[in-house]
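The structure appears below as structure tokens.
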Amino acid sequence: MVDERDETASPGGALRIAVVEGPDGTVLALTGRVDAVTAVTLRERVTALDLETATRLRVDLRAVDFLDSAGLAALVQAHRSCGAAGTPIDFVAPRGSAAWRVFDLTRFDEIFDFVAETEGGP
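Okay, so the sequence shown: first residue is 93 according to the numbering used here, each after it adds one.
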């Protein structure tokens, strides 16, 4: 099976979202800023996914250089949506990265599931 790739950009291009559908699930690879302006685009993109039939959602935050409370709220909403659909969700955010610092400060690192970028999966 060939992976399918789709890309979305927020108004102004501050956030790019690459969606890769593969046999092991869906990856949302975020690049740029996840803030009050771009969180709307992220929420819309997650809402457009068919979480009921997805095997897993992985949110790759390695290329995120800024994450604020609105961006965190959008990720919490994605986490809740996956939970309601029965779809596992995990995040890739290396320790020390912009995203990881926010998760650590807010203690969401204790709530969300994180995987190493080298782990298998979508």
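Note that CB positions come from ideal geometry on N, CA and C, so glycine has one too. Note that the structure is predicted; figures quoted are calculated from it, not measured.
Using the DSSP secondary-structure output, state which residues sit across from residue i in a beta bridge.
i       : result
Leu-143 : DSSP, once it has assigned bridges, lists no residue as partnering Leu-143.
Val-138 : Answer is none; Val-138 lacks a bridge partner.
Phe-183 : Val-151 and Phe-206
What span of residues does the beta strand (DSSP E) with residue i cover, start to end?
i       : result
Asp-114 : According to the sequence provided, residue 114 is Gly. The question's Asp does not apply to it. That run of the beta strand (DSSP E) goes 107-114.
Please classify residue i: does DSSP put it in a helix, a strand, or coil?
i       : result
Val-129 : coil
Val-207 : coil
Asp-201 : helix
Arg-148 : coil
Arg-154 : strand
Buried or exposed, going by whether 16 or more other CB atoms sit within 10 Å of the CB of residue i?
i       : result
Ala-203 : For the record, residue 203 in the displayed sequence is Ile; it is not Ala. So Ile-203 ends up on the exposed side.
In terms of residues, what are the limits of the alpha helix (DSSP H) holding residue i?
i       : result
Ala-166 : 161-177
Look at the Cβ atom of residue i, then the Cβ atom of residue j, and state whether they are nearer than 9 angstroms.
i       : j       : result
Val-126 : Asp-152 : no
Phe-200 : Arg-150 : no
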